[in-house]
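Protein chains in written order, with the numbering used here: chain A, 1 to 127; chain B, 128 to 319.
Heads up: the structure comes next, in structure tokens.
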């Protein structure tokens, strides 16, 4: 640790150094050969992509830099949710129309039966 | 080919022009440090490796446009990308499933230091570190483990030096309190 200055009310240098020693006694795992190979494979893949599509990769890189991936992410998410909502709306609207048609058939039949009764009533009354 | 006297900036310029050996040398120089930060931030080796790999992928993408006059150092830039990705991942993990288990231990062959200190001690230190709020943990990891100065760590975290020192002070106090019950054991372990 290069610098041990601390905020007022913080630990004393002696305590900070002891804490530093304790923390450092827990060693992190070194990067494995497999991880290093993966990192280099990413580099190779990028070079291949750049060689195969030089104009496209330059354009994508410029667009990403200009717009910013993080800036676009929420907008993309919002657009995705909106599209999903629209699709769900269209689907449910179709099913509702189908149900309405079905209901209207029953309704028409019920009304027709009602008329039949109405038409039969005077005849029955006359009898 | 030896890169002993070649600076990081020269290496990144070469890597940006497709020089595979330069890219390999950058990995040799920085992979351990970046993985170490990620491992201490995330407490899990597989996740740490993913983030470290992502950080290097961003470096390869950025290499052709690296501006040596921009003032940023490669390691500072890599630390910044790595810790930001770690924070993203921690927040995502917290949202999906809060984890209260102790951090996963490294599954590599233990070093001499690791053999000397017991697994319980290791777990205690890592659990205390993991219990810190993410910004405090980041400050502690960058200053204590990566040996960055307060100015460098503040630059990585994009905060003022005062804010960094405040985070560091609170983080150290919390660590001291968390490790207090095993203070004697820790000190004996270090002395032994």
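By construction, the Cβ of each residue, glycine as well, lies at the ideal position given by its N, Cα and C atoms.
Taking any Cβ of chain A, which residues in the region 162 to 177 of chain B have a Cβ under 7 Å from it, in chain order?
162, 163, 166, 167, 172 and 176
Between residue 15 of chain A and chain B, is there a C-beta pair that is closer than 8 Å?
In the first chain, the residue the question calls residue 15 of chain A occupies position 15. Output row for residue 15 of chain A: interface = yes.
For the alpha helix (DSSP H) that contains residue 213 of chain B, what are its first and last residues?
If you number the second chain from 1, residue 213 of chain B lands on position 86. 201 to 223 is the extent of the alpha helix (DSSP H) around residue 213 of chain B.
Where residue 259 of chain B sits in the DSSP three-state scheme:
Within the second chain, numbered from 1, the residue matching residue 259 of chain B stands at position 132. Correct three-state label for residue 259 of chain B: coil.
State the Cα-Cα distance for the pair residue 12 of chain A and residue 294 of chain B, rounded to the nearest angstrom.
Working through the first chain from its first residue, we reach residue 12 of chain A at position 12. Working through the second chain from its first residue, we reach residue 294 of chain B at position 167. So the alpha carbons of these two residues sit roughly 16 Å apart.
Between residue 217 of chain B and residue 158 of chain B, what straight-line distance do the alpha-carbon atoms span, to the nearest angstrom?
Position 90 of the second chain, counting from 1, holds the residue named residue 217 of chain B. Position 31 of the second chain, counting from 1, holds the residue named residue 158 of chain B. Their Cα atoms are separated by approximately 21 Å.
Contact set for residue 130 of chain B: own chain, Cβ-Cβ below 7 Å, skip 5 residues either direction
The count along the second chain starts at 1 and reaches residue 130 of chain B at position 3. The residues are 138 and 152.
Are the CB atoms of residue 150 of chain B and residue 142 of chain B within a distance shorter than 8 Å?
In the second chain, counting from the first residue as 1, residue 142 of chain B sits at position 15. In the second chain, counting from the first residue as 1, residue 150 of chain B sits at position 23. Yes. Within cutoff.
Tell me which residues of the region 249 to 275 of chain B have at least one Cβ-Cβ distance to chain A shorter than 8 Å, keeping chain order.
249, 252, 253, 256, 267, 270, 271, 272, 274 and 275
Can you tell me which of the three DSSP states residue 166 of chain B falls into?
Here residue 166 of chain B refers to the residue found at position 39 when the second chain is read from its first residue. Helix.
Thinking C-alpha only, which one of B/133, B/267, B/205 and B/291 is nearest residue 178 of chain B?
Taking the first residue of the second chain as 1, we reach residue 178 of chain B at position 51. Just measuring C-alpha positions, the residue of B/133, B/267, B/205 and B/291 sitting nearest residue 178 of chain B is B/205.
Just verifying my parser: in three-state terms, what is the DSSP assignment at residue 184 of chain B?
Taking the second chain and counting its residues from 1, one reaches residue 184 of chain B at position 57. Correct three-state label for residue 184 of chain B: helix.
If you count every other CB in all the chains shown that lies within 10 Å of the CB of residue 170 of chain B, and 16 or more means buried, which is it?
Within the second chain, residue 170 of chain B is the residue found at index 43, counting from 1. With 16 or more other Cβ atoms within 10 Å, it is buried.
Are the C-beta atoms of residue 132 of chain B and some chain A residue less than 8 Å apart?
Here residue 132 of chain B corresponds to residue number 5 of the second chain, with the count starting at 1. Chain A contact via Cβ: absent.
Under 9 Å between beta-carbons, which chain B residues line up against residue 48 of chain A? List them in chain order, please.
Counting from one through the first chain, the residue named residue 48 of chain A turns up at place 48. Residues of chain B passing the Cβ test: none, with the nearest at roughly 10 Å.
Might you give, ordered along the chain, the residues of its own chain that have their beta carbon closer than 7 Å to the beta carbon of residue 181 of chain B, omitting 5 neighbours on each side?
Counting from one through the second chain, the residue named residue 181 of chain B turns up at place 54. 212, listed in sequence order.
Nearest to residue 249 of chain B by CA position, among A/81, A/23 and A/16, is which residue?
By one-based count along the second chain, residue 249 of chain B stands at place 122. Looking at the Cα atoms, A/23 is the closest of the given residues.
Between which residues of its own chain and residue 193 of chain B is the CB-CB distance below 7 Å, once the five residues before and five after are set aside?
Mapped onto the second chain, residue 193 of chain B falls at position 66. Result list for residue 193 of chain B: 139, 140 and 143, in chain order.
Might you give, ordered along the chain, the residues of its own chain that have their beta carbon closer than 7 Å to the beta carbon of residue 268 of chain B, omitting 5 neighbours on each side?
Residue numbering aside, residue 268 of chain B sits at position 141 when the second chain is read from its first letter. The beta carbon of residue 268 of chain B is closer than 7 Å to those of 164, 167 and 168 in its chain, skipping five residues each way along the sequence.
Please classify residue 53 of chain A as buried or exposed, where buried requires at least 16 neighbouring CB atoms within 10 angstroms.
Here residue 53 of chain A refers to the residue found at position 53 of the first chain. With fewer than 16 Cβ atoms within 10 Å of its Cβ, residue 53 of chain A is classed as exposed.
Test: residue 33 of chain A CB closer than 8 Å to a CB of chain B
By 1-based counting over the first chain, the position of residue 33 of chain A is 33. It does not; no Cβ of chain B falls within 8 Å.
Identity of the residue in B/305, B/280, B/275 and B/132 nearest residue 98 of chain B by Cα
Past the boundaries of the shown model lies residue 98 of chain B; chain B is included only from 128 to 319, so the question cannot be answered.
Under a CB-based cut-off of 8 Å, is residue 30 of chain A close to chain B?
One-based indexing of the first chain puts residue 30 of chain A at position 30. So yes, residue 30 of chain A belongs to the interface.
Classify residue 242 of chain B: buried if its beta carbon has 16 or more other beta carbons within 10 angstroms, exposed otherwise.
Walking along the second chain from the start, residue 242 of chain B turns up at place 115. Low confidence applies to residue 242 of chain B: its pLDDT is 48, below 50, so where it sits in the model is not reliable, and the reading given next is rough at best. Counting Cβ neighbours within 10 Å, residue 242 of chain B comes out exposed, since fewer than 16 surround it.
Return the CA-CA distance between residue 44 of chain A and residue 147 of chain B, expressed in angstroms with no decimal places.
What you label residue 44 of chain A is simply residue 44 of the first chain in a count that begins at 1. What you label residue 147 of chain B is simply residue 20 of the second chain in a count that begins at 1. Cα to Cα, residue 44 of chain A sits roughly 8 Å from residue 147 of chain B.
Residue 47 of chain A by DSSP, collapsed to three states: which one?
Within the first chain, numbered from 1, the residue matching residue 47 of chain A stands at position 47. Three-state result, residue 47 of chain A: helix.
On the premise that residue 270 of chain B lies in contact with residue 280 of chain B, defined as a C-beta separation below 8 Å, what is that separation, rounded to the nearest angstrom?
Taking the second chain and counting its residues from 1, one reaches residue 280 of chain B at position 153. Taking the second chain and counting its residues from 1, one reaches residue 270 of chain B at position 143. With a contact defined as Cβ atoms closer than 8 Å, residue 280 of chain B and residue 270 of chain B qualify at about 5 Å.
From the beta carbon of residue 154 of chain B, is the nearest beta carbon of chain A less than 8 Å away?
Working through the second chain from its first residue, we reach residue 154 of chain B at position 27. With 8 Å as the cut-off, residue 154 of chain B counts as an interface residue toward chain A.
Can you check whether the C-beta of residue 159 of chain B is within less than 8 Å of a C-beta belonging to chain A?
Within the second chain, numbered from 1, the residue matching residue 159 of chain B stands at position 32. Taking Cβ atoms only, chain A reaches closer than 8 Å to residue 159 of chain B, which makes this a yes.
Between the C-alpha atoms of residue 299 of chain B and residue 49 of chain A, what's the straight-line distance to the nearest angstrom?
The residue you call residue 299 of chain B lines up with position 172 of the second chain. The residue you call residue 49 of chain A lines up with position 49 of the first chain. Distance between the alpha carbons of residue 299 of chain B and residue 49 of chain A is about 46 Å.
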